[in-house]
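In this note's numbering, the protein residues as written are 100 to 295. Even glycine gets a Cβ: it sits at the ideal position worked out from N, Cα and C.
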């Protein structure tokens, strides 16, 4: 798949429509190399990608369930089960995190988080170019300190996304939203400086 075709044809595929197989070890390595090509002011490589599959998905489900119980001790059991199942939606889940450095660098935290987002987007596009589907999700668990601790992240680190990856099913529905008009988001400056 050509680069521009891959970029313009990529769309999020709901984990409900992702099944096995997940990308192979060689395909993952190639995708992570694409992630490492992201723009990165100061070459800090602030991103961390935690690969979760197999039994790890069930363990992560328990982490999510416990976080839901902590957040609302009197929650309905169905709410706890729903939290648990969020980790089990696809054959491969990659936690994208920004490990922000404060000491010994002048690079602002926001630039490190953006660099992690760029690396995550490269990873997403690489999987798409290989024919896999993926979707980035966050939700309450991405901001839960207990989830970060369970994943080996520090309090000041940021979970950018939970990336679900797999093979898209044949019954996947058509994309619901048309892409917006470019003119709405791309303008010349200073002519359009006052318009939103």
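Give the secondary structure of residue i by DSSP, where H, G and I count as helix, E and B as strand, and everything else as coil.
| i | result |
| --- | --- |
| residue 286 | coil |
| residue 145 | coil |
| residue 265 | strand |
| residue 246 | helix |
| residue 252 | coil |
| residue 150 | strand |
Apart from the five residues just before and just after residue i, which ones in its own chain have a Cβ nearer than 7 Å to its Cβ?
| i | result |
| --- | --- |
| residue 210 | 140 |
| residue 197 | 145, 146, 211, 212, 215, 256, 257, 259 |
| residue 137 | 214, 217, 218, 221 |
| residue 189 | 114, 117, 263, 264, 265 |
| residue 162 | 246, 249 |
| residue 243 | 166 |
Ignore the nearest five residues each way along the sequence and tell me which others in residue i's own chain have a CB closer than 8 Å to its CB.
| i | result |
| --- | --- |
| residue 164 | 179, 180, 182, 183 |
| residue 106 | 224 |
| residue 122 | 130, 191, 226, 229, 231, 264 |
| residue 99 | Outside the shown range of the chain, which is 100 to 295, sits residue 99, and nothing can be said about it. |
Roughly how many angstroms separate the alpha carbons of residue i and residue j, rounded to a whole number?
| i | j | result |
| --- | --- | --- |
| residue 249 | residue 159 | 9 Å |
| residue 128 | residue 284 | 34 Å |
| residue 194 | residue 288 | 37 Å |
| residue 227 | residue 135 | 17 Å |
| residue 205 | residue 112 | 38 Å |
| residue 156 | residue 282 | 42 Å |
| residue 108 | residue 252 | 33 Å |
| residue 280 | residue 238 | 28 Å |
| residue 126 | residue 202 | 35 Å |
| residue 119 | residue 268 | 9 Å |
How close, in whole Å, do the beta carbons of residue i and residue j come, if the pair is a contact with beta carbons under 8 Å?
| i | j | result |
| --- | --- | --- |
| residue 168 | residue 174 | 7 Å |
| residue 261 | residue 241 | 7 Å |
Quiz item: For the region 176-222, which segments carrying the alpha helix (DSSP H) assignment without a break, of at least 4 residues, lie completely within its bounds, in sequence order?
Solution: Correct list: 176-184.
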